[in-house]
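The working numbering applies: residue 2 is where the sequence shown begins, and numbers increase by one.
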Amino acid sequence: MTKNLIFDFDGTICDSYDVFKESFLEVCKKYKLNASVFDLENVRELSSEEILKKLNVSWWKLPFILKDGRSEMFKRRSELRIFPGVEKILPQLAKDFNLFIVTSNSHQIVTEVLNDQAKYFKEIHAGRGLTNKSKSIKKIKKNYPAHENYYIGDEVRDVRCAHRSSVMAIAVTWGYNSIHRLQALENVALINNPAELCTNFKNIKKS
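1. With a CB to CB cut of under 6 angstroms and the five nearest residues on each side skipped, what residues in its chain are close to ILE93?
2. Can you give me the C-alpha to C-alpha distance between ASN106 and PHE39, rounded to a whole angstrom?
3. Checking the sheet assignment: what are the DSSP bridge partners for GLU149?
4. Can the beta-carbon of GLU80 be found closer than 8 angstroms to that of VAL28?
5. What is the DSSP secondary structure of GLY154, counted as helix, strand or coil?
6. I'd like the list of long-range same chain contacts for LYS62, defined as Cβ closer than 8 angstroms, with 5 residues on each side in sequence excluded.
7. With H, G and I counted as helix, E and B as strand and the rest as coil, what does DSSP make of PHE122?
8. Throw me the rounded Cβ distance for the ALA127 and GLY154 pair, which I believe falls under 8 angstroms.
9. Since ARG45 and ASN194 are thought to touch, with beta carbons under 8 angstroms apart, how far apart are those beta carbons, to the nearest angstrom?
10. If you draw a straight line from the C-alpha of LYS123 to the C-alpha of VAL58, how long is it?
11. Counting only runs of 4+ residues fully inside the region 44-85, write out the alpha helix (DSSP H) ranges in chain order.
12. Could you tell me whether the Cβ atoms of VAL168 and LYS134 are closer together than 8 angstroms?
13. Quick check on DSSP: helix, strand or coil for LEU34?
14. What would DSSP say about PHE21, mapped onto helix, strand or coil?
15. Can the beta-carbon of GLY130 be found closer than 8 angstroms to that of THR13?
16. Closest to ASP11 by C-alpha separation, out of SER49, ASN5, VAL189, LEU53, would be which residue?
17. Which one of LYS203, ALA196, ASN99 has the shortest CA to CA distance from LYS89?
18. Just confirm the distance between the C-beta atoms of VAL160 and CYS15, as a whole number of angstroms; I'd bet it's less than 8 angstroms.
19. Got a sec, what are the start and stop residues for the alpha helix (DSSP H) VAL111 sits in?
20. Once DSSP output is grouped into helix, strand and coil, what is the label at ILE102?
21. What would DSSP say about VAL173, mapped onto helix, strand or coil?
22. On the criterion of 16 or more Cβ atoms from any shown chain inside 10 Å, does GLU149 qualify as buried, or is it exposed?
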């Protein structure tokens, strides 16, 4: 039975950190938030929840801030690129595994960045919040029964989402959170570059 590889998008497939940072700096100006968190040397050590806490965001403002942040990112979407090396491994992985994307980013941004690489994914679940990410993963598991399911992301919240969804967690170290923060998590495999990800799954297929 085949395996399902479910990918996060931002920080895993798409190099979007700089665009994310600049977009939310604009939002911080609008809402008069303390944006100094993005100047900290250890910002990549922080989870999304910890960043929001440092911004001291009122709970009722959060939906508006996130919406405006996504709008700013949409305006700058032409600056987004697939990480070097990821584009090369997608066709290789698609030969042997079912590939999916589950992301909070918009479907338009995902398909525009992927361009013709989108054909390697069976489904793209876009516009998902953290809770809905877990629901999407469980839906994939139900609709595509597989011997093993993996969620591949780059943040603390992705690992936690994988655990909540009862799938195996893989964290890549080239995205938002640092390798040091990811190493502190339990029940997660760390991958340091796209070629390593491809090689490991090829070895899993043989075993």
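Don't be surprised by glycine CBs; every beta carbon is placed ideally from N, CA and C.
Quick caveat, the model's predicted, so the values are computed rather than measured.
In this structure, then:
1. Residue 93 is actually Gln in this sequence, not Ile. Same-chain partners within the cutoff: CYS199.
2. 20 angstroms
3. LYS4
4. no
5. strand
6. TYR32
7. coil
8. ALA127 to GLY154, Cβ: 15 angstroms. No contact.
9. Wrong, their Cβ atoms sit about 17 angstroms apart, outside the cutoff.
10. 37 angstroms
11. 49-56, 63-76
12. no
13. coil
14. helix
15. no
16. SER49
17. ALA196
18. Actually they do not touch by this definition, with Cβ atoms about 19 angstroms apart.
19. 108-115
20. strand
21. strand
22. exposed
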